[in-house]
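Trainee: In the working numbering, the protein residues as written are 186 to 284. Could you have a look at this structure, given as structure tokens, before my questions?
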Amino acid sequence: MAYRRVGNDFMDEEEYEFHAIGVWSFWVFIAAAFFTGYNIQEFIPDEWPKWARFASTIIPAVIVGGILGALGIFIRIAFFFALTWGVIGLVLYWIWQSI
């Protein structure tokens with residue numbers, strides 16, 4: 186059984202997979218919350234009080250980030266699936282253009 190070193194820890198495959206899913210979920214949460222909070226600003230009226238604008242930005246951002254963070258394993262699989270097929274498509278396109 187192979188062990189992987191992460192920081193000062195050595196992890197087996199199961200522990201490493203759990204760690205990798207956690208890291209993906211964290212960054213998906215951060216990206217989704219930032220993206221949602223940034224884009225929702227367009228729809229919030231400037232006439233609202235500051236606390237209402239803040240709450241109507243933060244609450245949906247955290248909700249969307251939490252949902253997508255919980256789906257981090259599926260997003261990770263979809264990302265690598267799309268990346269793999271993108272590379273295959275690029276190679277096939279390059280071969281097609283060279284013929």
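We put the beta carbon where it would ideally sit given N, CA and C, even for glycine. Owing to the predicted nature of the structure, the values given are computational and were not obtained by experimental measurement.
Determine contact between the segment 224-238 and the segment 251-264, defined as no fewer than three beta-carbon pairs at a distance below 8 Å.
Mentor: no
Trainee: Along the chain, where does the alpha helix (DSSP H) containing Phe220 start, and where does it finish?
Mentor: Here the alpha helix (DSSP H) through Phe220 covers Glu198 to Ile225.
Trainee: DSSP puts Val191 in a beta bridge; with which residues?
Mentor: Answer by DSSP bridge pairing, in chain order: Asp194.
Trainee: What three-state label does DSSP hand Trp281 in the structure shown?
Mentor: Trp281: helix per DSSP, three-state reduction.
Trainee: Determine, using beta carbons only, whether Tyr308 and Asp194 come nearer to each other than 7 Å.
Mentor: Since the first and last residues shown for the chain are 186 and 284, residue 308 lies out of range.
Trainee: Measure from the alpha carbon of Leu253 to the alpha carbon of each residue in Trp233, Gly192, Val208 and Trp236, then state which is nearest.
Mentor: Val208
Trainee: Answer with buried or exposed for Gly274, where buried requires no fewer than 16 other C-beta atoms within 10 angstroms of its C-beta.
Mentor: exposed
Trainee: Output the distance between the C-alpha atoms of Trp233 and Phe266, rounded to the nearest integer angstrom.
Mentor: Trp233 and Phe266: Cα-Cα distance of roughly 43 Å.
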